[in-house]
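Structure record follows, encoded as structure tokens.
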Amino acid sequence: MTPRESEKRRPRRRFLGALAALCACGAFAPFDRARAQSAQATFVLSSPARAAQIRRRVPAPLAAALRAQADASMARVPHPRAVVHTQGLLPHEQDRDASVQAQEDWRQTLLQGLAWCVTGEDAYAAKAETYIEAWIPHYVSSSNPIDEADLVDLLFGFDFVRSRLPAATIEKARALGCQMARGYLGERRVGDPSTGLNNWQSHRVKLATAGAFLAGDAALISAAREAFFAHVARNVDAGGLTYDFGQRDAIHYVVYDLEPLMLAASIAAAHGQDWYGAPQIQGRLAAALGWLAPYAKGERAHEEFVHSTVRFDARRAAAHVEGYSGWWQREEASGLYGIAARLDPHFAPVAAALDPQPVVRALFV
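With mature numbering (1 follows the signal peptide of the UniProt record, and there is no 0) applied, the sequence shown corresponds to residues -29 to -1, 1 to 336, in that order.
In structure tokens, the structure reads:
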């Protein structure tokens, strides 16, 4: 660790040492009605006003596409698990396949909740509630940001149906958010020191941010904001080059690194905070999106993982896992630019050309 990094971390350690004493988020406090009412007022990405805006803005063809996707999975049943683990595993290794099914529950919660928001049909809300009740009252965060990378989708779906849920479920969601924020803002390190610099930390920041805003705790939100600023400064250089590209030699990991940071900034923006344009990050996220844009537009090509320093990448290539060898496919960036376009209209033409999936287009319409 450089002296500059050490100077940054000392005040953060002092603050994080005090997190255990915080009682405002009440993660393990007994239920009371006043706290439940406060929790009901919190959200992660979509407030009731924003949900109404989505409903007005989504055009009929996009609403029809959402409806078709939601209908296609209406018969699916939840697959909750106490432990969700996919990180470092090839397809069919250990319990990876079962964990992939569980992660799909989180994505389905968002799809069904968004379909209800757009169409007003109760069947979609009821399906989202089924997933929420299968997970939120029982799940304890593992604080593994790769295993839980898509856990935010469960919380984004929760936003849409929150008004329909019992107070006890809302309180448990708030407690889960508090636990996530505390866990992901801690000093936990896995593997070599690069996990504090690369996409691993980007996903930690995203999950901490989502949890902090769901908990509605000002101290946790402040800590998440500082973690965001510190990580962007370490992860993206002034020219927009990410640490992950140097480590993995793959555009795939540029996208996988930037998308959680843009989601964290989007969550903050939904609460009136401009993290994307904050002077603390000196325009580095915009620079990174600009660096990536020629590849996303198809103007430049890149052969993936040729010089990666991570051994697991070679294992995935040898196992013929899709996307871990050959030329990068620009459609991989569709979600990233769909998110970015709402924060920075400069990237709207790139997003439009890539045509993101219906869920992304509707959520960030």
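We treat Cβ as the ideally placed atom computed from N, Cα and C, and that holds for glycine. Just so it is clear, the structure is predicted and the values come from calculations on it, not from any experiment.
Cα-Cα separation, residue i to residue j
i: N169; j: G84; result: 31 Å
i: V207; j: R175; result: 16 Å
i: D284; j: D93; result: 44 Å
i: K143; j: E230; result: 27 Å
i: A312; j: Q244; result: 17 Å
i: V54; j: S113; result: 7 Å
i: A138; j: I107; result: 13 Å
i: G306; j: A236; result: 15 Å
i: A10; j: M151; result: Unreliable positioning characterises A10 in this predicted model, as indicated by a pLDDT of 45, which lies under 50. The coordinate reading is nonetheless provided below. Distance between the alpha carbons of A10 and M151: 15 Å.
i: Q253; j: G294; result: 32 Å
i: E148; j: R78; result: The sequence shown places Gly at residue 148, rather than the Glu named in the question. About 17 Å.
i: F(-15); j: L122; result: Any reading at F(-15) is ruled out, since the residue's pLDDT is 39, under 50, leaving its predicted position unreliable.
i: P49; j: D76; result: 6 Å
i: P30; j: E158; result: 44 Å
i: L191; j: R301; result: 36 Å
i: I117; j: A39; result: 29 Å
i: P327; j: D188; result: 33 Å
i: A120; j: L178; result: 8 Å
i: F335; j: F14; result: 16 Å
i: N115; j: A43; result: 31 Å
i: L314; j: A194; result: 22 Å
i: R287; j: F276; result: 10 Å
i: P320; j: W87; result: 28 Å
i: E104; j: A272; result: 45 Å
i: A322; j: P316; result: 10 Å
Endpoints, the alpha helix (DSSP H) within which residue i is located
i: G182; result: N170 to A186
i: W299; result: Here W299 belongs to no alpha helix (DSSP H), and DSSP marks it neither H nor E.
i: K98; result: D93 to W106
i: F140; result: Phe is not the amino acid found at residue 140; the sequence shown has Thr there. Looking at the DSSP string, the run of the alpha helix (DSSP H) that includes T140 is A138 to L156.
i: H50; result: H50 -> no alpha helix (DSSP H), and no H or E assigned at all.
i: Y247; result: Segment: none, Y247 is in no alpha helix (DSSP H) and carries neither H nor E.
i: T90; result: R67 to T90
i: I25; result: P19 to R28
i: D130; result: L122 to V132
i: E230; result: I222 to A241
Nearest neighbour of residue i, chosen from the options [CA to CA]
i: V225; options: R47, S173, T101 and Q253; result: S173
i: S296; options: A139, A221 and W87; result: A221
i: D124; options: A272, A267, I238 and A257; result: I238
i: A22; options: Y155, R38, Y247 and G128; result: G128
i: W171; options: L16, Q58, A323 and A304; result: Q58
i: S18; options: A31, D326 and L185; result: L185
i: A267; options: V292, A258 and E303; result: E303
i: G182; options: L314, R205 and G154; result: G154
i: Y110; options: R255, W246 and A73; result: A73
i: H223; options: S279, R196 and A41; result: S279
i: residue 373; options: D228, A324 and L234; result: Limits of the chain in this structure are -29 at one end and 336 at the other, which puts residue 373 out of reach.
i: A257; options: G309, F318 and H273; result: F318
i: A41; options: T13, L81, S70 and P51; result: L81
i: M233; options: W262, Q218 and F199; result: F199
i: A96; options: N115, M45 and A12; result: M45
i: A209; options: P250, G162, W298 and R28; result: P250
i: R282; options: G162, P320 and I310; result: G162
i: R255; options: A204, D215 and Y227; result: A204
i: A290; options: L16, P51 and P62; result: P62
i: D228; options: D68, T166, R52 and R145; result: T166
i: R27; options: R52, A105, R196 and G91; result: G91
i: W298; options: I310, G309, W246 and E274; result: E274
Anticipated Cβ contact below 8 Å, residue i with residue j, distance rounded
i: V89; j: I141; result: The pair is not a contact, with the Cβ atoms about 23 Å apart (cut-off 8 Å).
i: L33; j: R332; result: 6 Å
i: A241; j: T213; result: Not quite, the Cβ-Cβ distance comes to about 24 Å (not below 8 Å), so this is no contact.
i: G261; j: G211; result: 6 Å
i: L37; j: P329; result: 5 Å
TODO: Inspect the CB distances between the stretch 116 to 132 and the stretch 97 to 108 and report whether three or more fall short of 8 Å.
DONE: yes
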